[in-house]
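Chains as they are written, first to last, in our numbering: chain A, 30 to 300; chain B, 670 to 989.
So this is what it looks like as structure tokens:
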């Protein structure tokens, strides 16, 4: 079988238009092209409405796209339903409530993630060997959650829930990890901890990852590549040494350059 | 004073065993309602129709010569078919859940009439070896009455055990995740549409089974017997939760206790129902009574929370 693409992720000419034909019509993705090599950890920045989260949602299949192609590790997933592409993806969301089932135990949540891409039948939901594995994984977080495996996830803090969601996302070795502003709803200290855990999980599992963030410092400090989006397009893409040497002021200058005056409003949000 | 003298406590005590049996039977249905209302977070009004469908299927098959026990699984299947229709209306055709279930409920009225042939079909315990009958509670020796209760209780316990097991399996987890957080479920590769249909089928299967039991218990299948059934099911679920929820949550097998509390809620409901009748409430008002019970028990947790929030806010202002 020949592969369509040798990249971990290849996005070709992606279009998405919201509220088409209405007064609120918005071209959210205006021909996005992006190629990720295996092991790439890309941070994505851009102003409000630049299409960062929309790109991630398009990859995840939250709704159908209006044009283009999405290829993960050689498999074209453009037409697949959301739950059918889940085996390729690990996802962590902005709202800590979104990634876990609040009324279920920590171990039950993890067990659901551990069956991702498998047939779910009448076998017991959490086996003894599952439990041991989950305990080991939870220990690596250093949050003491390994002793609370039968607690309802709804009782945990936002940071704890994001940490568990990260574990769940990586549990089945996804082809691509999608982090959608997953620290934006947390206080700075917790956000830093969750970012640290993200780095740890990505490097330990050798994952290819995309992280949307509003925080330029984070975008520079994490990952090996940085992508800037504006009005539904990728307008800047740096990696390697060039990325390491970036400063927030460089990124701000870049923003000013592409957006002219209109960027002044976004500046405060991004700084 | 005259009013109180006219009340005979013995009459209430004589009537309660029947209420308990009725509560146990409706407990089957309440378990079904629990699955949709609490686990799936889907207000499924199909049950008003599917309970009568289960009843009609059972009674007509018994009258046609089938053993009453053998009709039970078929009533279950008939209920599942009703759940399938609601599920497909909702997931495949995009009709909002409540409306989809109302459409099924309405169409079942016609279907039930077709099955029954007329509005009411009796099935007498004199002619058939029914699995349940009010006669088993009110007539016969004490030991035979106790045996009936023991059998019925055992059946409910077995049902609770099966559901406990089922919702602990992978597919059961998928149902609970879908009800709790469909976004998370889809992100973990769960086909939430399929799961919804499955849970609706399971729930209405139980409701159909309850219909079969209840028709035999009261000696007839009636086209009207499902009217307001959802309210009774909800009453059982909510009474069980409000009264026994905290007790259940602390236990090791919390979910099994929760399911049991639903059955107990159903029994309590029918005991209170009988009590209100005994107080000489005209039976015409009983639907109003049922609706009020559900409204009150639904409001209690909400008002409690609101009150607690208010108090917390006040405290915050003082401290701030």
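Beta carbons: idealized from backbone N, C-alpha and C, even for Gly.
I need the boundaries of the beta strand (DSSP E) containing residue i, first residue and last residue.
i: residue 189(A); result: Element bounds for residue 189(A): not the beta strand (DSSP E) but the alpha helix (DSSP H), 187-199.
i: residue 836(B); result: Taken as a continuous stretch (DSSP letters only), residue 836(B) belongs to no beta strand (DSSP E), as it is neither H nor E.
i: residue 279(A); result: It is not in any beta strand (DSSP E) - residue 279(A) instead sits in the alpha helix (DSSP H) that spans 277-288.
i: residue 83(A); result: First-last for residue 83(A): 81-89, but that is the alpha helix (DSSP H), not the beta strand (DSSP E).
i: residue 712(B); result: Neither: residue 712(B) is in no beta strand (DSSP E) and is coded neither H nor E.
i: residue 706(B); result: Looking at the DSSP string, residue 706(B) is not in any beta strand (DSSP E), and its letter there is neither H nor E.
i: residue 800(B); result: Premise fails: residue 800(B) is in no beta strand (DSSP E) and is neither H nor E.
i: residue 94(A); result: Segment: none, residue 94(A) is in no beta strand (DSSP E) and carries neither H nor E.
i: residue 71(A); result: 70-75
For residue i, report the span of its alpha helix (DSSP H) as first-last.
i: residue 717(B); result: 716-732
i: residue 64(A); result: Segment 55-65 is the beta strand (DSSP E) holding residue 64(A); no alpha helix (DSSP H) there.
i: residue 164(A); result: 157-168
i: residue 36(A); result: It is not in any alpha helix (DSSP H) - residue 36(A) carries neither H nor E in the DSSP assignment.
i: residue 692(B); result: 678-703
i: residue 673(B); result: 671-674
i: residue 945(B); result: 923-947
i: residue 851(B); result: 851-856
i: residue 111(A); result: 111-114
Would you say residue i reaches chain A, if we count a Cβ-Cβ gap shorter than 7 Å as a contact?
i: residue 704(B); result: no
i: residue 759(B); result: no
i: residue 858(B); result: yes
i: residue 988(B); result: Here the model assigns residue 988(B) a pLDDT of 47, short of 50, so the residue's position is not dependable, and the following value carries that caveat. No, residue 988(B) does not count as interfacial toward chain A.
i: residue 973(B); result: no
Hey, does residue i have any beta-carbon neighbour from chain B nearer than 7 Å?
i: residue 135(A); result: no
i: residue 94(A); result: no
i: residue 132(A); result: yes
i: residue 49(A); result: no
i: residue 220(A); result: no
i: residue 142(A); result: yes
i: residue 151(A); result: yes
i: residue 146(A); result: yes
i: residue 154(A); result: yes
Which whole-angstrom value describes the C-beta separation of residue i and residue j, a residue pair presumed to lie in contact below a C-beta threshold of 8 Å?
i: residue 643(B); j: residue 701(B); result: For chain B, the structure presents residues 670 to 989; residue 643(B) sits outside this window and is missing.
i: residue 959(B); j: residue 900(B); result: 5 Å
i: residue 944(B); j: residue 833(B); result: With 8 Å as the limit, residue 944(B) and residue 833(B) do not qualify as a contact, their Cβ atoms being about 31 Å apart.
i: residue 214(A); j: residue 171(A); result: Wrong, their Cβ atoms sit about 21 Å apart, outside the cutoff.
i: residue 785(B); j: residue 890(B); result: 6 Å
i: residue 114(A); j: residue 90(A); result: 5 Å
i: residue 125(A); j: residue 190(A); result: 4 Å
i: residue 880(B); j: residue 744(B); result: 6 Å
i: residue 956(B); j: residue 897(B); result: 5 Å
Under 7 Å, Cβ to Cβ, is there at least one residue of chain D near residue i?
i: residue 53(A); result: Of the chains in the structure shown, none is chain D; the protein chains are A and B.
Of all the residues that make up the region 835-856 of chain B, which are near chain A by a beta-carbon distance shorter than 7 Å?
-> 837, 838, 839, 840, 841, 842, 843, 845, 846, 849, 850, 852, 853, 855, 856
At a Cβ cut of 9 Å, what residues of the region 770-804 of chain B count as close to chain A, listed as they run along the chain?
-> none
Enumerate, from N- to C-terminal direction, the unbroken beta strand (DSSP E) stretches of 3 or more residues contained entirely within the region 187-275 of chain A.
-> 205-209, 238-241, 254-259, 262-268
Using a beta-carbon distance cut-off of less than 8 Å, what residues from the region 96-128 of chain A approach chain B?
-> Among the residues of the region 96-128 of chain A, those with a Cβ less than 8 Å away from any Cβ of chain B are 110, 111, 112, 113, 115, 116, 118, 120, 122, 126, 127, 128, in the order of the chain.
Minimum length 4: unbroken alpha helix (DSSP H) runs contained in the region 754-795 of chain B = 766-785
Give the residues from the region 733-748 of chain B that approach chain A closer than 8 Å (Cβ to any Cβ), ordered along the chain.
-> none
Residues of the region 858-876 of chain B whose Cβ lies closer than 8 Å to any Cβ of chain A, in chain order = 858, 859, 860, 861
In chain order, which continuous runs of the beta strand (DSSP E) of length 3 or greater are located wholly inside the region 878-912 of chain B?
-> 889-891
Could you tell me which uninterrupted alpha helix (DSSP H) segments, each at least 4 residues in length, are contained entirely in the region 119-145 of chain A, listed from first to last along the chain?
-> 135-143
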